[in-house]
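**Student:** Sharing a structure here in structure tokens format.
Residue numbers (this note's numbering): 11 to 136.
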């Protein structure tokens, strides 16, 4: 499976590369130790910002259907649970997972096309 690089990842990578350039270039060019120290500290700060993915947080979240997305993630967790129960050959727990999956699909059906609805089960910690 090919890893997809999005704009947020690219921004963080450019910030890190800019930080490296701010460290390497002045070291090879400048003789003044205070100016050099300032560039090195700025470069290290930029690398830290890139590593911690802080640059990408400047962009707004583009997801509109956050509730639906949360419910889909919950459904994926239910699929994992179903598979674990199937591997353990626990039919009773498989049936419980099936019922929970049906309820999840019903919630997704109700949320489709409705922006920014929170999932009640997710907010309660399930």
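Note that beta-carbon positions come from the ideal geometry of N, C-alpha and C, so glycine has one too.
Would you give the residue range spanned by the alpha helix (DSSP H) that residue 10 belongs to?
**Tutor:** No information on residue 10 is available, as it lies outside the stretch 11 to 136 that the chain covers here.
**Student:** Can you tell which of 120, 118, 20 has its C-alpha closest to the C-alpha of residue 64?
**Tutor:** It is 20.
**Student:** For residue 91, which residues from the same chain have a beta carbon less than 6 Å from its beta carbon, with the 5 sequence-adjacent residues on both sides left out?
**Tutor:** Only 107 meet the Cβ criterion.
**Student:** Excluding sequence positions up to five away, which residues of its chain have a Cβ less than 6 Å from the Cβ of residue 26?
**Tutor:** Closer than 6 Å at Cβ, skipping near neighbours: 57, 60.
**Student:** Would residue 95 pass as a contact of residue 103 if the rule is Cβ separation under 8 Å?
**Tutor:** Yes, they are a contact pair.
**Student:** Restricting to Cα atoms, I'd like to know which of 47, 82, 16, 49 is closest to residue 115.
**Tutor:** Residue 82 is the option with its Cα nearest to residue 115.
**Student:** Mark residue 78 as exposed unless 16 or more other C-beta atoms lie within 10 angstroms of its C-beta, in which case mark it buried.
**Tutor:** Buried: at least 16 other Cβ atoms inside 10 Å.
**Student:** Does the separation of the CB atoms of residue 75 and residue 111 fall below 8 Å?
**Tutor:** No; because the gap between Cβ atoms is not below 8 Å, this pair is not in contact.
**Student:** What is the residue span of the alpha helix (DSSP H) that residue 81 lies within?
**Tutor:** Segment 76-97, the alpha helix (DSSP H) holding residue 81.
**Student:** Please determine, among 48, 22, 23, the residue with the shortest C-alpha to C-alpha distance to residue 33.
**Tutor:** Among 48, 22, 23, the Cα nearest to that of residue 33 is on 48.
**Student:** So does residue 25 have its beta carbon nearer than 7 Å to some heavy atom of the ligand PLP?
**Tutor:** Absence of the ligand PLP is noted for the structure shown, with no ligands found whatsoever.
**Student:** Any idea what DSSP makes of residue 126, helix, strand or coil?
**Tutor:** In the structure shown, residue 126 sits in coil (DSSP, three-state: anything other than H, G, I, E or B).
**Student:** Alpha carbon to alpha carbon, how far is residue 62 from residue 37? Give it in angstroms, no decimals.
**Tutor:** Their Cα atoms are separated by approximately 25 Å.
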